[in-house]
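Encoded as structure tokens, the structure appears first; notes follow it.
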Amino acid sequence: MLALVTSLRMLLRDHRLLLLAVVLGGFALRLPNASSQLEYDEVITLMFGTHSPADIVKATAADTMPPLHYWLMHAFDPTGELFTGRFLSTLLSSLTLPAFYLLARRMAGPAEAVAAAALLAVSPIAVFYGHYARMYSTLALLGTLAAYFFVRWLQRDRPWDLVLFTGVAALSLWVHNLAGLLILSLDLAFLFRRGYWPGAFRRRLASLAATHVALVLAYGPWLLYLPQQLENVNRAFWIGTPGPAEVARTVLAWHFHLPLPSQLLPAFAFLALALAAVTAMETVRRWRGGGDLDRQRILLMSTLTLAPVGIMFIVSLVRPVYVERAVLVSASVYSLLVVGALVRLPLRPVALGLAAALWAGVAAALVYQARYQEFPRSPFREAVLALRASVQPGDLILHDNKLSYFPMYYFDPNLPQSYLPDLPGTANDTLAPGSMDVLGLHPVTLEDAAAHAGRVWYVVFDRALQQAAAAGRPHAYRRWLDQRLGAGVETAVGDLRLVRYRDGNRP
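Read in order, the letters of the sequence shown are residues 0 to 506 in numbering that gives the first Met the number 0.
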């Protein structure tokens, strides 16, 4: 028995084995779930990936993101299969875990680095984007590697570290237009440390300036499209000018992600804010009582956590671009600060209680989010099955907007489906004509639908009807169809309404 206990202790002290267990566990959590629903954004990514690299450039130039992840999708699986599209994100997100451990080791001891990697492995926001068929796993991996090489250059001043940083950072710029937030934050980290090498500061500043010239040259071809893409982001329906609510939402998302059960949301929010407050106070206490090395590490961790969010917030006051998923590296480094705070908190019962509550909250959030099937991840498969069993030759399925059309088209492109256009210039007007041209999928007008000779099946989200009712007005498209085609027969599939109009050419 004593030998078993001794062996167990030795295993726990072997950080490589612990890290391997963390990576395998994180990989298992990120495996694509066959029952999880599909989102509009994922469909667009999968569809872009089925096209040639040249067509991908045309489609993305009119959209909101650079083309590198779509090229990667095309190389990985040009057929656009959902499982492989999500599995690519799983692989990249799993590779982020050891990369983050290497970064964390530059700012903390091995035990804290492994613990932070374990927290990242089960983090709901990391798990969600770890099997989400979009570019965020790619962005997180490249951002983590860029931060690692840059921090290593700060600490040991070797040119190859800066060369590697330049290459990885350049790739990240071709993945997401907000990748520059991390690069600017690393510049701040460099400036904050200038007092540690006064004799070499000018030389290192010149090297960093040369790096930025190289980054501009590497990103240069896409700079022509950036203004229009930022305008598209500015119009995107999920973007607004941030305020205190968005900052609080970021804190909540970093701990537990969203959505969360509405009845438990206050408890989740309280726990997230409590953990953030304890982490901030303990980090300040460490700074005041720490030595030179500890202060350098705290400065690095704090800069990587706060600067990307702060820069994004300030920029968003002029042009809204505030999205938590663009700063996943900051969320990762924040987990290292949380671990450091809980390990050093003098009030051990409080630390243990917060740690237990954190892990319980994470587990509850993961279970809830894995089963979530409401907007924007509505039960599209089930709706397709219901329509497939009911649609007759000559029928038309008309979607209220593209957010339901594209997922349902993906599941069955043979169903007779069309969608109504977004009103030009409105918040939902996010699919550019150039992207529609590449995809070959354009909207139809209400008049075209009304002129259809057969039955019309109108698909609309409960959310859209509820928003119209809350505003004290009828839903515009639904009212128009009711007036033109007569009252429809409703069927509910989750939070989707399928409304059947019996005679499409009724005057």
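The C-beta atom is built at its ideal place from N, Cα and C for all residues, glycine as well.
**Prompt:** With a CB to CB cut of under 7 Å and the five nearest residues on each side skipped, what residues in its chain are close to residue 338?
**Reply:** Translated into positions along the sequence shown, residue 338 becomes position 339. In its chain, beyond the 5 residues on either side, 111, 114, 115, 118 have a beta carbon closer than 7 Å to the beta carbon of residue 338.
**Prompt:** Which residue or residues does DSSP assign as beta-bridge partners of residue 457?
**Reply:** The sequence position of residue 457 within the sequence shown is 458, counting from 1. DSSP, once it has assigned bridges, lists 397, 498 as partnering residue 457.
**Message:** Can you tell me whether residue 206 is helix, strand or coil according to DSSP?
**Reply:** Numbered from 1 along the sequence shown, position 207 holds the residue referred to as residue 206. Correct three-state label for residue 206: helix.
**Asked** So is residue 412 buried or exposed if we call it buried at 16+ other beta carbons inside 10 Å?
**Response** Locating residue 412 in the sequence shown gives position 413, where the first residue counts as 1. Within a 10 Å sphere around the beta-carbon of residue 412 sit fewer than 16 other beta-carbons, which makes this residue exposed.
**Prompt:** So, helix, strand or coil for residue 491, using DSSP?
**Reply:** Mapped onto the sequence shown, residue 491 falls at position 492. Under the three-state reduction of DSSP, residue 491 is assigned to strand.
**Prompt:** Could you check where the beta strand (DSSP E) with residue 69 kicks off and where it finishes?
**Reply:** Counted from its first residue, the sequence shown places residue 69 at position 70. Careful: residue 69 lies outside any beta strand (DSSP E), inside the alpha helix (DSSP H) at 67–75.
**Asked** Expressed to the nearest angstrom, what Euclidean distance is found between the alpha-carbon atoms of residue 419 and residue 470?
**Response** Position 420 of the sequence shown, counting from 1, holds the residue named residue 419. Position 471 of the sequence shown, counting from 1, holds the residue named residue 470. About 21 Å.
**Member of 314, 192, 402, 461 whose CA lies at the smallest distance from the CA of residue 291** = For the purposes of this step, residue 291 is taken as the residue at position 292 of the sequence shown. With distances taken between Cα atoms, residue 291 lies closest to 192.
**Message:** For residue 264 and residue 501, I'd like the C-alpha separation in whole angstroms.
**Reply:** As a working note, residue 264 is residue 265 in the sequence shown. As a working note, residue 501 is residue 502 in the sequence shown. When rounded, the distance between both Cα atoms is 43 Å.
**Request:** State whether the stretch 453–468 contacts the stretch 386–399, with contact taken as three or more CB pairs (one from each stretch) at a distance under 8 Å.
**Result:** As far as the Cβ criterion goes, the stretch 453–468 touches the stretch 386–399, which means the pair count is three or higher.
**Request:** Could you give the DSSP three-state label for residue 122: helix, strand or coil?
**Result:** Working through the sequence shown from its first residue, we reach residue 122 at position 123. Three-state result, residue 122: coil.
**Item:** beta strand (DSSP E) segment containing residue 416, residue limits
**Value:** Within the sequence shown, the letter at position 417 stands for residue 416. Secondary structure note for residue 416: its beta strand (DSSP E) is the uninterrupted segment 416–418.
**Request:** For the alpha helix (DSSP H) holding residue 195, just list the boundary residues, first then last.
**Result:** Translated into the one-based positions of the sequence shown, residue 195 becomes position 196. Premise fails: residue 195 is in no alpha helix (DSSP H) and is neither H nor E.
**Asked** If you draw a straight line from the alpha carbon of residue 88 to that of residue 140, how long is it in whole angstroms?
**Response** Position 89 of the sequence shown, counted from the first residue, corresponds to residue 88. Position 141 of the sequence shown, counted from the first residue, corresponds to residue 140. Computed Cα separation, rounded: 10 Å.
**Asked** Is the stretch 39–49 touching the stretch 73–87, taking contact as three or more C-beta pairs under 8 Å?
**Response** In short, these stretches touch, since the Cβ pair count reaches three.
**Asked** If you draw a straight line from the C-alpha of residue 279 to the C-alpha of residue 285, how long is it?
**Response** Indexing the sequence shown from 1 puts residue 279 at position 280. Indexing the sequence shown from 1 puts residue 285 at position 286. Taking C-alpha positions only, residue 279 is separated from residue 285 by approximately 10 Å.
**Prompt:** Can you list, in chain order, the residues of its chain whose CB lies under 8 Å from that of residue 1, leaving out five sequence neighbours each side?
**Reply:** By 1-based counting over the sequence shown, the position of residue 1 is 2. At residue 1 the pLDDT is 48, less than 50, meaning the model places this residue with poor confidence; the figure from the coordinates comes in the next sentence. Closer than 8 Å at the Cβ level, and outside the excluded window around residue 1, lies no residue.
**Prompt:** Near residue 172, what residues of its chain come up, given a Cβ to Cβ distance below 6 Å and the 5 sequence neighbours on each side ignored?
**Reply:** Here the question's residue 172 lines up with position 173 in the sequence shown. Short of 6 Å from the beta carbon of residue 172, and not among the five residues preceding or following it, lie these beta carbons of its own chain, in chain order: 178, 218.
**Request:** Leaving out five residues on either side along the sequence, give the residues of the same chain with a beta carbon under 8 Å from the beta carbon of residue 199.
**Result:** The residue given as residue 199 occupies position 200 in the sequence shown. Taken in chain order, the residues that qualify are 156.
**Test item: CB-CB of residue 519 and residue 153 under 9 Å** = The first residue shown for the chain is 0 and the last is 506, placing residue 519 beyond what the model contains.
**Message:** Quick check on the DSSP output: what are the complete alpha helix (DSSP H) runs of length 4 or more inside the stretch 249–290, in order along the chain?
**Reply:** Those alpha helix (DSSP H) runs which fall completely within the stretch 249–290 and span 4+ residues are 264–288.
**Prompt:** By the 10 Å Cβ neighbour count, where 16 or more other Cβ atoms means buried, how is residue 38 classified, buried or exposed?
**Reply:** The residue labelled residue 38 in the question sits at position 39 within the sequence shown. So residue 38 ends up on the buried side.
**Message:** Going by DSSP in three states, residue 367 sits in which element: helix, strand or coil?
**Reply:** On the sequence shown, position 368 is the one that residue 367 refers to. Note: residue 367 maps to helix in three-state DSSP.
**Item:** residue 328, enclosing alpha helix (DSSP H) - first and last residue
**Value:** By one-based count along the sequence shown, residue 328 stands at place 329. That run of the alpha helix (DSSP H) goes 327–343.
**Request:** Using the Cα positions of residue 444 and residue 276, report the straight-line distance between them to the nearest angstrom.
**Result:** Here residue 444 corresponds to residue number 445 of the sequence shown, with the count starting at 1. Here residue 276 corresponds to residue number 277 of the sequence shown, with the count starting at 1. Straight-line Cα distance between these residues: approximately 52 Å.
**Request:** Assuming residue 405 contacts residue 42 (C-beta within less than 8 Å), just tell me the rounded distance between them.
**Result:** Counted from its first residue, the sequence shown places residue 405 at position 406. Counted from its first residue, the sequence shown places residue 42 at position 43. Yes, residue 405 and residue 42 are in contact; Cβ-Cβ is about 4 Å, under 8 Å.
**Prompt:** Since residue 135 is in the alpha helix (DSSP H), which residue starts that stretch and which ends it?
**Reply:** Translated into positions along the sequence shown, residue 135 becomes position 136. Segment 135–155, the alpha helix (DSSP H) holding residue 135.
**Request:** Inspect the CB distances between the stretch 88–104 and the stretch 16–28 and report whether three or more fall short of 8 Å.
**Result:** These segments touch.
**Asked** So residue 417 and residue 379 are in contact, right, with Cβ under 8 Å, and what is the actual spacing, rounded?
**Response** Mapped onto the sequence shown, residue 417 falls at position 418. Mapped onto the sequence shown, residue 379 falls at position 380. Not confirmed; about 16 Å, so no contact.
**Item:** Through-space distance from residue 145 to residue 131, alpha-carbon basis
**Value:** As a first step, residue 131 must be located in the sequence shown, where it is residue number 132. As a first step, residue 145 must be located in the sequence shown, where it is residue number 146. C-alpha of residue 131 to C-alpha of residue 145: approximately 22 Å in a straight line.
**Request:** Determine, using beta-carbon pairs with one atom in the stretch 325–342 and one in the stretch 97–112, whether at least three such pairs fall under 8 Å.
**Result:** Taking a cut-off of 8 Å on C-beta distances, the stretch 325–342 touches the stretch 97–112, as three or more cross pairs fall below it.
**Request:** Specify the secondary structure class of residue 212 as computed by DSSP and reduced to three states.
**Result:** Here residue 212 corresponds to residue number 213 of the sequence shown, with the count starting at 1. Note: residue 212 maps to helix in three-state DSSP.
**Prompt:** Nearest to residue 123 by alpha carbon, out of 381, 368, 158?
**Reply:** Looking up residue 123 in the sequence shown gives position 124. Nearest option by C-alpha distance: 368.
**Asked** Over what stretch of residues does the alpha helix (DSSP H) that includes residue 479 continue unbroken?
**Response** One-based indexing of the sequence shown puts residue 479 at position 480. Start and end: 475–484.
**Asked** In terms of residues, what are the limits of the alpha helix (DSSP H) holding residue 43?
**Response** Indexing the sequence shown from 1 puts residue 43 at position 44. That run of the alpha helix (DSSP H) goes 39–48.
**Asked** To the nearest angstrom, how far is it from the Cα of residue 494 to the Cα of residue 313?
**Response** Position 495 of the sequence shown, counted from the first residue, corresponds to residue 494. Position 314 of the sequence shown, counted from the first residue, corresponds to residue 313. Roughly 36 Å between the two C-alpha positions.
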